[in-house]
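Positions 889 to 1040 (our numbering) are the ones given, in order, by the sequence shown.
We treat Cβ as the ideally placed atom computed from N, Cα and C, and that holds for glycine.
Worksheet: the structure to be examined is printed underneath.
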Amino acid sequence: MALKIRPRAVEAIAEVIRGGSGALETGGALFGSDSAEVIEHATTPGPKAIHGPANFSRDREHTEAESSRLYRLDRSRWIGEWHTHPATELIPSEVDLATYVRHLTDPELRFERFLALICSASAPIQVAAWRIRIVSGRVTVDSPRLEVIHPS
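See the structure below:
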């Protein structure tokens, strides 16, 4: 099943990447409908984000404020994260996977799945989509097709 993304989310990601150095990781959170696997919104990293050549941490206060705003806007929920890999393949690193599993196993977050987009850090921007789940106690990772959907 394809993972769907709205054009506004694609453009938000592209704008952050175009504004970055290309040498440091950047990223943000993904919001939308978990049950339908539709990415409605992608956030910026926030002013207090930490960017490194092989690591990235979102500005938590910024993300929480965006979460509240987007929920009020259209009931979007946090469904995943996006970030860049400036010098490596567009596959989740061990650190990425550990982060995703930590989110999946946090009972307060109540994720059934965690969606991740890993992007190149410079033009032409390439994106790989990842769906991470825990099934019968085992971590499963697959790479669904990413489909841009337009309002009907």
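If you check the CB distance, I893 and I1013 do not come in under 9 Å.
The beta carbon of P974 sits closer than 7 Å to the beta carbons of G910, A911, L912, E913, P941, A1009 from its chain, once the five residues preceding and following it are set aside; these are given in chain order. Buried is the label assigned to T932, since at least 16 other Cβ atoms lie within 10 Å of its Cβ.
Put simply, of R946, Y959, V926 the residue whose alpha carbon is nearest the alpha carbon of E1035 is V926. With a beta-carbon spacing of about 7 Å, A1016 and I979 fall inside the 8 Å limit used to define contacts. The region 977-1020 contains, as complete alpha helix (DSSP H) runs of 4+ residues, the segments 982-993 (chain order). If only complete runs of 4 or more residues are kept, the region 905-991 shows the alpha helix (DSSP H) at 948-962, in order along the chain.
When rounded, the separation of the alpha-carbon atoms in A924 and E977 is 28 Å.
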